[in-house]
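Numbering (my numbering), first residue to last: 37 to 158.
Beta carbons are placed, not taken as given, at the ideal position from N, Cα and C, and that holds for glycine.
In what follows, a single structure is set out as structure tokens and then discussed.
Here's what the structure looks like:
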């Protein structure tokens, strides 16, 4: 029996596995988004850190609609800068609500991401 050949290659995605995804911010993704402009990267990361902190505050309100809206905004912002762990956790909260475990995980991920951003901006 002859081996079957694959007629096409798997499409490249923005979230393809790469070593930089082991960090809180995927720096390869961020560089693509900013076309390698380091000054712009720093500015965008600082804006994201403020947005993430604000979203956490809004999600701690306990109001379901506010939690879902904040999680949705955070998911989009995190995805755009390459904070994929934060984005995935925000998506989980957006879809399943603010379970205590999810809220603790996203708070931890946001703090780790903020610390990573602070180290980059020195």
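Contact annotation, residue 66 with residue 77: C-beta distance approximately 6 Å; criterion of less than 8 Å satisfied. A buried status is given to residue 95, since no fewer than 16 other beta-carbon atoms sit within 10 Å of its beta-carbon. Of the other Cβ atoms in all chains shown, 16 or more fall within 10 Å of the Cβ of residue 149; this residue is therefore buried. The DSSP assignment places complete alpha helix (DSSP H) segments of no fewer than 4 residues inside the region 58-108 at 63-70 and 74-95, in order along the chain.
Within the same chain, Cβ atoms closer than 6 Å to the Cβ of residue 142 are found at 125, the five residues on either side in sequence being excluded.
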